[in-house]
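The structure appears below as structure tokens.
Number of protein chains: 2
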Amino acid sequence: MPSYKAPVDDALFLLNDVFHLDRYGNLPGFADASPDVVEAVLREAGKFSEQVLTPLNRVGDKEGCTRHPDGSVTTPTGFKDAFKQLVAGGWIGISAPVEYGGQGLPATLTEAVNEFLCSSNQAFAMYAGLTQGAIAALLEHASQELKTRYLPKMVEGVWTGTMNLTEPHCGTDLGLLRSKAVKQSDGSYRITGTKIFISAGEHDLAENIIHLVIARIEGAPMGTKGISLFVVPKILVNDDGSLGKPNGVSCGSIEEKMGIHGNSTCVMNYDGATGWLVGEENRGLNAMFTMMNEARLGVGVQGLAQSEVAYQNAALYAKERLQGRALSGAKYPDKPADPIIVHADVRRTLLTIRAFNEAARALLIWTSLHGDVARRSEDGKERQAADDAMGLLTPVVKGVLTDTGFANTVMAQQMFGGHGYIAEHGMEQFVRDARIAMIYEGANGIQALDLVGRKLGKDGGRALMAFFNEVGAFIKDKSADEAMKPYLTPLSAALAHLQAASMWFMQNAMAKPDNAGAGATDYMHMFGLVALGYMWARIAEAAAAKAKSNGAAAPMKAKLVTARFFMERMLPETAAHLARIQAGAGSIMELPEEAF
Amino acid sequence: MPSYKAPVDDALFLLNDVFHLDRYGNLPGFADASPDVVEAVLREAGKFSEQVLTPLNRVGDKEGCTRHPDGSVTTPTGFKDAFKQLVAGGWIGISAPVEYGGQGLPATLTEAVNEFLCSSNQAFAMYAGLTQGAIAALLEHASQELKTRYLPKMVEGVWTGTMNLTEPHCGTDLGLLRSKAVKQSDGSYRITGTKIFISAGEHDLAENIIHLVIARIEGAPMGTKGISLFVVPKILVNDDGSLGKPNGVSCGSIEEKMGIHGNSTCVMNYDGATGWLVGEENRGLNAMFTMMNEARLGVGVQGLAQSEVAYQNAALYAKERLQGRALSGAKYPDKPADPIIVHADVRRTLLTIRAFNEAARALLIWTSLHGDVARRSEDGKERQAADDAMGLLTPVVKGVLTDTGFANTVMAQQMFGGHGYIAEHGMEQFVRDARIAMIYEGANGIQALDLVGRKLGKDGGRALMAFFNEVGAFIKDKSADEAMKPYLTPLSAALAHLQAASMWFMQNAMAKPDNAGAGATDYMHMFGLVALGYMWARIAEAAAAKAKSNGAAAPMKAKLVTARFFMERMLPETAAHLARIQAGAGSIMELPEEAF
């Protein structure tokens, strides 16, 4: 069975030493996030993940969810009890507003905790994660009445949330959706339609399930401008907050899928279900985007989370598995063979994963901090800058962390040879579970198009320029420090590649948008490499300083070596991305469709 | 359900127009392989794959194999009947010697046929593929008596074969193996031990199963120099060829694994089973290598095969799935949305897969032709050169075609969005099935080490120099042709990168072998890119010539555009590989083991 140890120390190092959480004390909620509180929260979350959720991961995969003839769904053995513990620990609402029962702590802390939950049991963590996304959408767009009615129970976790977008014929292109809403005299709506791929759509973990559903109000315009968002509870909620009658919504079937078997992915049938409008009519997509942006970061977390747990197990295995001898001669002549970690190719693989993981964790924390500032700062300019950064980084975090996270689970599985292909060690489950993150909440190709087509040019490229300026200023500031050279020189080259690619789009994609489409995925990954490289440079700076403290020399040295590995072997890939981008759309658009 | 159309025309183009099968007429068996015969064989194999095996692929995945309490194993519904048809068609023995009932046709033809079988149903094709590997080992190493006793039935296919190497504690390092053989007075041996991960170890498709098993003869030296190979039939074979008593070998359990569920992967228990020595005592590894080299090419075929069928389904889906509009404006304004193939990012993905597939098919045919020459030529020098090429190319074919083949199934799955993650379309099965090919017959890291550690320097680098010379000569020969420039210029640059990397190993890996280990995987992929680039250059030359023939303009133009795509977007990756190789083992070997 796979094991897991939550990387609490690493998260604390990032929060305290790299990003200096204490400097954000002026933001609401941050004053409560003292180093002691943060450490206590993370250690507790780590323990819960390691001890309660990790042992349930294979159980969940093996058993999956079961739909009964009456439409009810049973989750795998142990999930119900674990969810009770999650609720008792208040984990869903640690960053939710105090007025709805949350703890009001920074959202950054929720991201850090969610990594642990997802590493130990992604299928389980999704029940909570979707609830957090639904809370975010209601907080931002719902009327006070709806908030008061639904949020406290959701923040507590006794009710969970879902997100109902996809229909059989439309996923990416929501303008095609057919679900209908008919306004009733009491102001509510009757919702009718079929939604597919609804994660946590029906289950036995909560007393009620609050579905957020997009549908077209009778008579609304076609396309995306006629979409409205509704809250549709599984069980109607009386005015006094008690549960009333079942609503007209049911689970039609559970999808048979590649992984995350412990999460019930449902076909949901809305059959004249009663729903209430969230936000304005025909502005549903707008509200949905709040939820999706939240969710996209959360999916990025999943990419890192699977990569991390896969790394940990691969590293343990590499130190235990005896097979062959080191190329330079036996390292353990007293053993029948050397552990495979003596091999450079094995270490290269492990370092490739780890050099991603540590920087990805930093990137998530850094992005989440922008999110906290965007939501909580009282300074309008600061809010805008943070919001810019969030918008720019969200598709990168989602696309790059899940593509790379998945690739890393495959590499970690490879360490096990044939033992990685069988279910026993749990490595193949990590691969199957990680795979979904590249798809849902907008397939990664869509993230790349969002980045290149929308985010780059937005507000005259303001967000992009700010990113370039920040990285550039960091390089300039630290350039006098000789010890920083091995990190700054490659980062500087990679930044130049990214700038050249951005410039190339400006010059070549206006008149010919296919040039943007042809280079979008390369650009997203290139951007990710530069962002991760910037994170490594900041980590290196902090690690070099901390290496002098008591007991920190070894872990900090490991960070410096890993940073160098990233700079030497991973970051230079930006050159190949640039070359591909500059190749343009020529050969790509030349063939007629029937030639494919 | 996924569909499949065997790429018969493409295989014929490669055999006839690119590699000119007719020029090999002097080799035994090639004279019989007239264009008519070759086309008939391929069309028939294609039909069988499309009509019989494709519909069984999801069935096999869903049902898997069942072990009964008596140790017998039932294959999925339909497999037994399909295997009867395979035997009736003589497909296992098309390249086997006529004296044992085969058709004696080029082994190249078997590789081409096996691609179709694996695309349509890899789990099924493995039963036949392992039999072919066992036939090859017996042909080369067994006594005449053993050959006469076992080969005719195996060539016919009424008996199948297996390969028993791995034990619970040893996979890569066979020197650690514990299975024992004790010589009996009649010259036979009693074999005792446990083997794991034995594909097709027990099933209901054949009257008998001929296991090839490695074990250590009592008193033999430790390590790889004390390993012998034995033939151990499931049912003992009487002198008259009839079946006798069951032997002491049984299936202990079937592994629960990620994919290829239709193939029974068994734990095999040998409990004083009677076996006969194949080849000399303590020279078993040598004999096993024949089988493994054969098998490694076969596994490379699987990489291409899954990539090809995944491509076909992704291309069909991209032309059907309506979602969004082209960036340059609606292409199908009369439809509710454009098919997703209008998007550059979708085409880029499809072309990336296809540019690999066509060149990989060429590389397999080219490598197999070397194999035919090595086995059949009467000219010793020609045989040696062909054998050199086979040795050099085998790890590249195995490692690169399976790594890339797997990555391609993931990309093809991505085209389907959420529909790719559920079982219905079969895309996630391609991913799970393709995954094993990176692991078995020597995990790809081992292939890379074999290439860099053994094959590069062998015989003073003779094979490598011959490869460089051939590619270099082709570039020089064709350089006067202006139309070939877009292919030759990038190929020339990539070849220079490969030569620089080879030189770097010569200068830096002798004294410090970890420098070789650290760059091995990059080198293997770089070599693969150059080999595929060479294939594309040869394809481009043939396609340009053929484009003038009747009706060939469109498919040949597609090849030329795809070749350009490969040259512009895929081949330049050699630069990144070179940079990583030249970074050396420094940061990789620096950390102590406990830091991982």
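Chains as they are written, first to last, in the working numbering: chain A, 113 to 708; chain B, 113 to 708.
Glycine included, C-beta positions come from ideal geometry on N, C-alpha and C.
Practice problem: Give a yes or no on whether the C-beta atoms belonging to Lys-346 of chain B and His-323 of chain B are separated by under 8 Å. | Solution: Counting from 1 along the second sequence, the entry for residue 346 of chain B is found at position 234. Counting from 1 along the second sequence, the entry for residue 323 of chain B is found at position 211. Yes, Cβ-Cβ distance for Lys-346 of chain B and His-323 of chain B is below 8 Å.
Quiz item: At least one CB of chain A closer than 8 Å to the CB of Ser-419 of chain B: is that the case?
Solution: Along the second sequence, one-based indexing puts residue 419 of chain B at 307. False, the Cβ-Cβ gap to chain A never drops below 8 Å.
Quiz item: Going by C-alpha distance, which of B:Met-266, B:Leu-250, B:Ser-255 and B:His-253 is nearest Tyr-239 of chain B?
Solution: Taking the first residue of the second sequence as 1, we reach residue 239 of chain B at position 127. It is B:Met-266.
Self-check item: Interface residues of chain B facing Glu-702 of chain A [CB-CB closer than 7 Å]
Solution: In the first sequence, counting from the first residue as 1, residue 702 of chain A sits at position 590. Those within 7 Å of Glu-702 of chain A in chain B are Val-673.
Quiz item: Unbroken alpha helix (DSSP H) runs of length 4 or more, entirely within the segment 126-178 of chain A: which are they?
Solution: 147-160 and 166-175
Quiz prompt | Same chain only: Cβ atoms within 7 Å of Pro-712 of chain A, ignoring 5 sequence neighbours per side | solution = A question about residue 712 of chain A goes unanswered here, because the residues of chain A that appear run from 113 up to 708.
Practice problem: Compare the C-alpha of Asp-193 of chain B against each of B:Val-164, B:Leu-221 and B:Leu-217 and name the closest. | Solution: The residue labelled residue 193 of chain B in the question sits at position 81 within the second sequence. For Asp-193 of chain B, the nearest C-alpha among the options comes from B:Val-164.
Quiz prompt | C-alpha gap between Val-349 of chain A and Thr-260 of chain A, whole angstroms | solution = Here residue 349 of chain A refers to the residue found at position 237 of the first sequence. Here residue 260 of chain A refers to the residue found at position 148 of the first sequence. About 12 Å.
Quiz prompt | Three-state secondary structure assigned by DSSP to Asn-320 of chain A | solution = Against the first sequence, residue 320 of chain A aligns to sequence position 208. Correct three-state label for Asn-320 of chain A: strand.
Quiz item: How would you call Arg-473 of chain A, buried or exposed, if buried means at least 16 neighbouring beta carbons within 10 angstroms?
Solution: The residue labelled residue 473 of chain A in the question sits at position 361 within the first sequence. Buried, because 16 or more other Cβ atoms sit within 10 Å of the Cβ of Arg-473 of chain A.
Quiz item: Per DSSP, Pro-345 of chain B is paired with what?
Solution: Taking the second sequence and counting its residues from 1, one reaches residue 345 of chain B at position 233. DSSP lists B:Ile-322 as partners of Pro-345 of chain B.
Quiz item: Which residues in the same chain as Val-564 of chain B place their Cβ atom closer than 6 Å to its Cβ, once the five residues preceding and following it in sequence are excluded?
Solution: Looking up residue 564 of chain B in the second sequence gives position 452. Closer than 6 Å at the Cβ level, and outside the excluded window around Val-564 of chain B, lie Ala-628, Ala-632 and Tyr-635.
Self-check item: 7 Å Cβ shell around Val-512 of chain B - same chain, five flanking residues per side excluded
Solution: As a working note, residue 512 of chain B is residue 400 in the second sequence. Closer than 7 Å at Cβ, skipping near neighbours: Met-636, His-637 and Gly-640.
Quiz item: Quick one, which residues of the segment 541-569 of chain A are near chain B if we go by CB-CB under 8 Å, in chain order?
Solution: Val-543, Arg-544, Arg-547, Ile-548, Met-550, Ile-551, Tyr-552, Ala-555, Asn-556, Gly-557, Ala-560, Leu-561 and Gly-565
Practice problem: Express the C-alpha separation of Ala-246 of chain B and Glu-252 of chain B in angstroms, rounding to a whole number. | Solution: Within the second sequence, numbered from 1, the residue matching residue 252 of chain B stands at position 140. Within the second sequence, numbered from 1, the residue matching residue 246 of chain B stands at position 134. Distance between the alpha carbons of Glu-252 of chain B and Ala-246 of chain B: 10 Å.
Exercise. Just the C-alpha distance for Gln-541 of chain B and Asp-173 of chain B, rounded to the nearest angstrom, thanks.
Key: To locate residue 541 of chain B, count along the second sequence from 1; it is residue 429. To locate residue 173 of chain B, count along the second sequence from 1; it is residue 61. Using only the alpha carbons, I get a separation of about 7 Å.
Quiz item: Just how far apart, CA to CA, sit Trp-271 of chain A and Ala-248 of chain A?
Solution: The residue given as residue 271 of chain A occupies position 159 in the first sequence. The residue given as residue 248 of chain A occupies position 136 in the first sequence. Each residue's Cα considered, the two are about 15 Å apart.
Quiz item: How many angstroms separate the CA atom of Leu-286 of chain A from the CA atom of Arg-437 of chain B?
Solution: The residue you call residue 286 of chain A lines up with position 174 of the first sequence. The residue you call residue 437 of chain B lines up with position 325 of the second sequence. Rounded to the nearest angstrom, the two C-alpha atoms are 12 Å apart.
Exercise. Check whether the Cβ of Arg-155 of chain B lies closer than 8 Å to any Cβ atom in chain A.
Key: Residue numbering aside, residue 155 of chain B sits at position 43 when the second sequence is read from its first letter. So, not an interface residue.
Self-check item: Test: His-637 of chain B CB closer than 8 Å to a CB of chain A
Solution: In the second sequence, the residue the question calls residue 637 of chain B occupies position 525. False, the Cβ-Cβ gap to chain A never drops below 8 Å.
Quiz item: Going along the chain, which unbroken runs of the alpha helix (DSSP H) with 4 or more residues stay wholly within the segment 200-268 of chain B?
Solution: 219-253 and 256-268
Exercise. Report the neighbours of Gly-532 of chain A on chain B: residues whose CB is nearer than 8 Å to its CB, in chain order.
Key: Residue numbering aside, residue 532 of chain A sits at position 420 when the first sequence is read from its first letter. Those within 8 Å of Gly-532 of chain A in chain B are Ile-551.
Quiz prompt | Contact with chain A by Ile-614 of chain B, beta-carbon distance below 8 Å | solution = Your numbering for residue 614 of chain B matches position 502 in the second sequence. One detail in the question is off: residue 614 of chain B reads as Ser in this sequence, not Ile. Not an interface residue.
Practice problem: Apply the 10 Å Cβ neighbour rule to Glu-685 of chain A and answer buried if 16 or more other Cβ atoms are within range, or exposed otherwise. | Solution: Taking the first residue of the first sequence as 1, we reach residue 685 of chain A at position 573. Under this definition Glu-685 of chain A is a buried residue.
Exercise. Rounded to whole angstroms, what's the CA-CA distance from Val-509 of chain B to Leu-154 of chain B? Just pull it up for me.
Key: By 1-based counting over the second sequence, the position of residue 509 of chain B is 397. By 1-based counting over the second sequence, the position of residue 154 of chain B is 42. If I take the Cα positions, the gap works out to 22 Å.
Self-check item: Exposure of Pro-181 of chain B, with buried meaning 16 or more beta-carbon neighbours within 10 Å
Solution: Within the second sequence, numbered from 1, the residue matching residue 181 of chain B stands at position 69. By the neighbour-count rule (16 or more Cβ atoms within 10 Å), Pro-181 of chain B is not buried but exposed.
Quiz item: Beta carbon of Ser-232 of chain B, beta carbon of Leu-428 of chain B: below 8 Å?
Solution: On the second sequence, position 120 is the one that residue 232 of chain B refers to. On the second sequence, position 316 is the one that residue 428 of chain B refers to. For Ser-232 of chain B and Leu-428 of chain B, no; Cβs fall outside 8 Å.
Quiz item: To the nearest angstrom, how far is it from the Cα of Met-527 of chain A to the Cα of Ser-354 of chain A?
Solution: Here residue 527 of chain A corresponds to residue number 415 of the first sequence, with the count starting at 1. Here residue 354 of chain A corresponds to residue number 242 of the first sequence, with the count starting at 1. Those two C-alpha atoms are separated by around 53 Å.
Quiz item: Is DSSP giving Glu-368 of chain B helix, strand or coil here?
Solution: If you number the second sequence from 1, residue 368 of chain B lands on position 256. In this structure, Glu-368 of chain B counts as coil in the three-state DSSP scheme.
Self-check item: Residue span of the beta strand (DSSP E) that contains Asp-383 of chain B, given as start and end
Solution: One-based indexing of the second sequence puts residue 383 of chain B at position 271. Segment 377-390, the beta strand (DSSP E) holding Asp-383 of chain B.
Quiz prompt | Burial state of Ser-661 of chain A, where buried means 16 or more other Cβ atoms lie within 10 Å | solution = Within the first sequence, the letter at position 549 stands for residue 661 of chain A. Ser-661 of chain A is exposed by the Cβ-count criterion.
Quiz item: If you scan the segment 665-694 of chain B from start to end, which runs of the alpha helix (DSSP H) of 4 or more residues do you find wholly inside it?
Solution: 665-677
Self-check item: Proximity winner among A:Ala-524, A:Arg-676, A:Leu-168 and A:Ile-366, relative to Thr-237 of chain A (alpha-carbon distances)
Solution: What you label residue 237 of chain A is simply residue 125 of the first sequence in a count that begins at 1. In the sequence as displayed, the identity of residue 237 of chain A is Ala instead of Thr. It is A:Leu-168 whose Cα lies nearest to the Cα of Ala-237 of chain A.
Quiz item: First and last residue of the alpha helix (DSSP H) that includes Val-294 of chain A?
Solution: By one-based count along the first sequence, residue 294 of chain A stands at place 182. Per DSSP, Val-294 of chain A is not a residue of any alpha helix (DSSP H); the beta strand (DSSP E) it occupies stretches across 292-295.
Quiz item: For the candidate residues B:Thr-516, B:Ser-480, B:Ala-605 and B:Ile-452, whose alpha-carbon lies nearest to that of Glu-705 of chain A?
Solution: As a working mapping, residue 705 of chain A is identified with position 593 in the first sequence. It is B:Ile-452 whose Cα lies nearest to the Cα of Glu-705 of chain A.
Exercise. Entirely within the segment 495-557 of chain A and at least 4 residues each: give me those alpha helix (DSSP H) ranges in chain order.
Key: Taking only runs of at least 4 residues, the alpha helix (DSSP H) segments lying wholly in the segment 495-557 of chain A are 530-533 and 539-547.
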